[in-house]
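Mapping of the sequence shown onto numbering that gives the first Met the number 0: position 184 corresponds to residue 183, and the numbering continues sequentially without gaps.
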Amino acid sequence: MKTARPPGPAAELVALRLRLAEAEETLRAIRHGEVDALLGPGRQGGQVFSLAGAEHAYRMLIEAMNEGALTLTTEKMILYANECFARMVKCPLEQVTGSSFRRFLSAADGATLRAHMKVAAQTGVKIQLLLHAGDGSKLPVQISIRPLAKEGGKNLIIGMVVTDLTESRRTEETLRALTQRVVQVQEAERGQVALELHDNITQLLCAILVRSQTLADQLSTHDGPAQQEALKLRDLLGHTAEEVECITRNLRPGVLELLGLDAVLRATSTEFTARTGVVVTLTGVALTARLPPDTELALYRILQEALKNVHKHARAHQVSVHLARHGNTVQLLIKDDGVGFNTQRPPASSKGGSRLGLLGMRERAAYVGGTLTVKSVRRTGTEIEVKILLSPGSSTVN
Ligand SMILES: Nc1ncnc2c1ncn2[C@@H]1O[C@H](COP(=O)(O)OP(=O)(O)OP(=O)(O)O)[C@@H](O)[C@H]1O
Ligand SMILES: [Mg+2]
Numbered sequence: 000m001k002t003a004r005p006p007g008p009a010a011e012l013v014a015l016r017l018r019l020a021e022a023e024e025t026l027r028a029i030r031h032g033e034v035d036a037l038l039g040p041g042r043q044g045g046q047v048f049s050l051a052g053a054e055h056a057y058r059m060l061i062e063a064m065n066e067g068a069l070t071l072t073t074e075k076m077i078l079y080a081n082e083c084f085a086r087m088v089k090c091p092l093e094q095v096t097g098s099s100f101r102r103f104l105s106a107a108d109g110a111t112l113r114a115h116m117k118v119a120a121q122t123g124v125k126i127q128l129l130l131h132a133g134d135g136s137k138l139p140v141q142i143s144i145r146p147l148a149k150e151g152g153k154n155l156i157i158g159m160v161v162t163d164l165t166e167s168r169r170t171e172e173t174l175r176a177l178t179q180r181v182v183q184v185q186e187a188e189r190g191q192v193a194l195e196l197h198d199n200i201t202q203l204l205c206a207i208l209v210r211s212q213t214l215a216d217q218l219s220t221h222d223g224p225a226q227q228e229a230l231k232l233r234d235l236l237g238h239t240a241e242e243v244e245c246i247t248r249n250l251r252p253g254v255l256e257l258l259g260l261d262a263v264l265r266a267t268s269t270e271f272t273a274r275t276g277v278v279v280t281l282t283g284v285a286l287t288a289r290l291p292p293d294t295e296l297a298l299y300r301i302l303q304e305a306l307k308n309v310h311k312h313a314r315a316h317q318v319s320v321h322l323a324r325h326g327n328t329v330q331l332l333i334k335d336d337g338v339g340f341n342t343q344r345p346p347a348s349s350k351g352g353s354r355l356g357l358l359g360m361r362e363r364a365a366y367v368g369g370t371l372t373v374k375s376v377r378r379t380g381t382e383i384e385v386k387i388l389l390s391p392g393s394s395t396v397n
């Protein structure tokens, strides 16, 4: 009796060629809208995914889009992708269709997508990821995921629109660089004005102050009213000189360079309480080492701006300022007990103002590698948190 022999390599090659030709023909048919359904792997074995809904007109529209468009199974197998997506991932379309979407993601982004997939299957979601293209390049994209029709009431099809963010990231970076340049120029100009005020106006005021004192001394007690006037003039000039000094300090806190952030935060808080009557409590301030000059300046400017907002908008009684360092992270917390506001839609200011304060604070924080978060609750108050990550070894010991 003859036993069946296993097929030899030649027969195997023929069989493989046949399967390849069949697969290519299926892909061609899918692309031309000739296929009604696909059999793909699912949780409970093979599942049928029908393509009957993909009308030709829609297909043309999707093919003409400047965004990547895909349909996937919940296991992220790509059922359909347009040419634009194939171009984004620099992969022939025939190799994209039928493959797993995960192949275009890093492990971390794969996990992010998995985490969002459940929500996506219910309501839809938008996430930003990096697509790993076939040539090894990476593309920042926004993926909008929505559940599409359920196949036969059970197998869910997911729709994805993939938008290339390269251009908008570039614009964002240009804008950021511009804003940072504005901050630099503003600091330089403030420094210049402070210098001129100090070298010219303050010196002049001091000279007049001394003269007015001399005048008051020279007027005899017989010239009572004139002497009183001279003394009043002296006091007024003294007050003006102090005001100008205060403006100069705010414009360019020389004391920041000399004495460091602790001293300036204390002085700023004391001055604020004296001027506005709002009590400022400072905690955790004593840092053991000086921070980089840019970081100290940024934190000082943020506090200045935040206190300005408290005075202008908050109607607060108390402000607490907390500065601390945890390892390489510096944290500044400014909390008031005022009226609060809607951070998503800050109300139009009745006090005038360019509404650039919060934006400027954010830019200041970003400039030194930090982030700024604003939390506010109506009738409870506002909290501003700045976190700055210092590069190792960037601080200097006092
Ligand atoms: N501490 C706060 N308490 C209550 N509302 C605040 C507080 N800080 C900011 N706001 C609200 O947020 C808005 C935006 O603040 P932002 O500092 O950006 O602009 P502004 O103070 O109105 O103007 P500018 O700072 O440019 O002079 C304010 O108009 C105000 O309504
Ligand atoms: Mg403001």
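Here a beta-carbon is modelled for each residue, glycine too, at the ideal position from N, C-alpha and C.
Exercise. Out of H321, I126, K374, which has the shortest C-alpha to C-alpha gap to R344?
Worked result: Just measuring C-alpha positions, the residue of H321, I126, K374 sitting nearest R344 is K374.
Exercise. Going by other Cβ atoms of all chains shown within 10 Å of its Cβ, with 16 needed for buried, is K137 buried or exposed?
Worked result: exposed
For this session: Reducing DSSP to helix, strand and coil, say where P345 ends up.
Result: Note: P345 maps to coil in three-state DSSP.
Exercise. For A297, which residues from the same chain have a beta carbon less than 7 Å from its beta carbon, with the 5 sequence-adjacent residues on both sides left out?
Worked result: R363, A364, Y366, V367
Problem set entry | N-terminal and C-terminal residue of the alpha helix (DSSP H) that R168 is part of | 165-195
Problem set entry | Candidates L177, Q317, L214, of which the one nearest A225 by Cα | L214
Exercise. From E163 to L130, what distance separates their C-alpha atoms?
Worked result: Per the sequence shown, the amino acid found at residue 163 is Asp instead of Glu. Rounded to the nearest angstrom, the two C-alpha atoms are 10 Å apart.
Exercise. Within the structure, which residues are defined as neighbours of ligand 2 by a Cβ-heavy atom distance below 5 Å, reported in chain order?
Worked result: N308, G356
For this session: Go to K75, then tell me how far its beta strand (DSSP E) extends in each direction, as first and last residue.
Result: Looking at the DSSP string, K75 is not in any beta strand (DSSP E), and its letter there is neither H nor E.
For this session: Can you tell me which of N327, Q141, N249 puts its alpha carbon nearest to the alpha carbon of L194?
Result: N249
Problem set entry | Cβ neighbours of S143 in the same chain (closer than 6 Å, five flanking residues each side left out) | K125, V160
For this session: Could you tell me which residues DSSP puts in a beta bridge with D335?
Result: In the DSSP assignment, the residues bridged to D335 are V318, T381.
Exercise. Hey, L104 and I157: beta-carbon distance below 8 Å or not?
Worked result: no
Exercise. Does the distance from the CB of I383 to the CB of A305 come in under 8 Å?
Worked result: yes
Exercise. Can you pull the DSSP bridge partners for H325?
Worked result: T328
For this session: Enumerate in chain order the residues of its own chain whose CB-to-CB distance from D134 is below 6 Å, with the five nearest sequence positions on each side excluded.
Result: K89
For this session: Check whether the Cβ of G337 lies closer than 7 Å to any heavy atom of ligand 1, and answer yes or no.
Result: Annotation for G337 indicates a beta carbon within 7 Å of some heavy atom of ligand 1.
Exercise. Which partner residues does M159 have in the DSSP bridge list?
Worked result: L69, I144
Problem set entry | Close-in-space but distant-in-sequence residues of the same chain around A262 (CB under 7 Å, 5 per side omitted) | V254
Exercise. What's the gap between the Cα of K231 and the Cα of A266?
Worked result: 28 Å
For this session: In angstroms with no decimal places, state the Cα-to-Cα distance between Q303 and E74.
Result: Q303 and E74: Cα-Cα distance of roughly 52 Å.
Exercise. Can S353 be considered in contact with ligand 4, in the sense that its beta carbon sits closer than 7 Å to one or more heavy atoms?
Worked result: Summarising the ligand content, the structure contains ligand 1 and ligand 2 and does not contain ligand 4.
Problem set entry | the stretch 198-209 contacting the stretch 165-181, beta-carbon criterion three pairs below 8 Å | no
Exercise. Is the shortest distance between the beta-carbon of T178 and the beta-carbons of chain B less than 8 Å?
Worked result: The structure shown contains no chain B; it holds only a single protein chain.
Exercise. Quick one: does the C-beta of H321 sit closer than 7 Å to a heavy atom of ligand 1?
Worked result: no
Problem set entry | Pairwise C-alpha distance: R169 and R18 | 46 Å
Exercise. Which value, in whole angstroms, describes the spacing of the CA atoms of E93 and E171?
Worked result: 35 Å
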